[in-house]
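In terms of this note's numbering, the sequence shown opens at residue 1 and continues consecutively. For every residue, glycine included, the Cβ atom is placed at its ideal position computed from N, Cα and C. Here the structure is a predicted model, which is why all the values come from computation and not from measurement. Below is one structure, written out as structure tokens; comments come after it.
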Amino acid sequence: MGSSRSAAGRGGRKSSRLSPQKPPFKKQKQPKKKKKADRNVDAGREEPTPSSEDTAGRPPASASEQLGFFLARYQSANGIHLSSLELDSIRDTCILELSQGPEPDVNALGKQIKAAFGPSWKGVLYEGALDQGKIDPGSPAVIAITASAIRTIEILRGFRSLTRECHAAKLFSKHIKIEEQVAMLKNRVNIACGTPNRIKKLIDIEALGLSRLSVILLDMHTDVKGYSLLTLPQIRDEFWDLYKNYFHERIVEGNLRICLFGPINIKNEIKGKSRVHDE
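In structure tokens:
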């Protein structure tokens with residue numbers, strides 16, 4: 001009897017161990033919610049800006065392509081549509097082409113701009129004497145426009161070879177009072193560089209003159225977020241305000257050239273000004 005009870009006990013315990021166990025409840029992972037895109041951040045980014053990988057192996061944009069790119073931005077940013085007559089009046093010769101690779105060389109900028117002015121470069125870009133009746137004070141031959149004070153300093157480094165006798169004008173608001181810039185512009189200025197808002201203010205108060213202006217250089221550098229002079233919302237608006245008020249008419253008349261310094265995205269872009277009108 002004892003042995004049978006012992007066997008039964010062992011058998012009972014065995015059956016208890018073999019009884020099916022309910023699997024532990026596992027909490028299912030909920031899919032992570034995607035963060036909503038910040039519309040304010042994306043609003044100014046019209047299209048992705050090309051990286052050096054995007055532009056590697058691609059031939060440089062022609063003057064016609066650069067003009068088409070610029071006029072497309074001009075129309076879209078300002079909500080206007082240029083007529084065929086207006087487009088025909090803006091020729092490819094208004095584009096100053098520079099020899100640029102995928103990564104623009106700021107250090108070569110002075111040499112390239114010097115070449116663009118030909119034999120007259122020294123009298124226009126280098127000399128510092130203010131000839132009364134010949135050279136108006138505060139009237140540069142070249143104005144470079146950037147999106148920030150930091151980029152202004154970077155661009156001006158490229159002009160060092162041309163600014164030994166006549167210092168370049170730094171036209172931005174960070175750490176520099178407008179009164180200081182007004183005083184500096186009472187001297188001869190061959191090259192000026194700054195941000196759109198400060199440049200326009202100085203023109204508005206007639207401290208910065210345009211009587212000698214031949215070239216506006218637009219810095220197409222992009223920041224870590226992909227923004228540039230033509231896409232950073234507030235800066236973009238300030239640039240087009242400056243351009244419409246003081247530069248566009250000169251471009252149309254053939255008295256001013258534009259230099260786009262840096263890579264531009266012409267992939268799936270309008271090729272030439274005639275197609276800008278057809279857009």
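Limits of the unbroken beta strand (DSSP E) element including residue i
i           : result
residue 261 : 257-261
residue 217 : 215-219
Residues that DSSP places opposite residue i in a beta bridge
i           : result
residue 192 : 143, 169
residue 235 : None, per the DSSP bridge assignment.
residue 306 : Examination of residue 306 is not possible in this model, given that the chain is present from 1 through 279 alone.
residue 95  : 258
Beta-carbon spacing of residue i, residue j below 8 Å
i           : j           : result
residue 212 : residue 141 : yes
residue 242 : residue 236 : no
residue 110 : residue 79  : no
residue 219 : residue 151 : yes
residue 232 : residue 149 : no
residue 259 : residue 217 : yes
residue 202 : residue 181 : yes
residue 315 : residue 125 : Outside the shown range of the chain, which is 1 to 279, sits residue 315, and nothing can be said about it.
residue 162 : residue 225 : no
residue 71  : residue 85  : no
residue 239 : residue 98  : no
residue 95  : residue 257 : yes
residue 169 : residue 189 : yes
residue 69  : residue 266 : yes
residue 63  : residue 264 : no
Element boundaries [alpha helix (DSSP H), containing residue i]
i           : result
residue 136 : Unbroken run through residue 136: none, as it is neither H nor E.
residue 76  : 63-78
residue 88  : 84-88
residue 109 : 109-116
residue 183 : 178-184
residue 252 : 248-253
Option in the options with minimal Cα separation from residue i
i           : options            : result
residue 108 : 156, 86, 240       : 156
residue 234 : 256, 220, 134, 195 : 195
residue 215 : 89, 82, 85, 121    : 121
residue 253 : 123, 93, 145       : 93
residue 129 : 187, 179, 68       : 187
residue 134 : 144, 143, 123      : 123
residue 145 : 138, 228, 185      : 228
residue 88  : 76, 77, 73, 67     : 67
residue 244 : 59, 77, 139        : 77
residue 221 : 154, 160, 174, 255 : 154
residue 184 : 255, 138, 62, 75   : 138
residue 172 : 64, 143, 197       : 197
residue 255 : 90, 59, 65         : 90
residue 193 : 160, 223, 179      : 160
residue 127 : 164, 178, 177, 118 : 164
residue 281 : 131, 136, 143      : Because the chain spans 1 through 279 in this model, residue 281 falls outside it and cannot be assessed.
Residue i: CB within 7 Å of a non-hydrogen atom of the ligand PLP
i           : result
residue 168 : Absence of the ligand PLP from the depicted structure is noted, as is the absence of any ligand whatsoever, leaving it without description.
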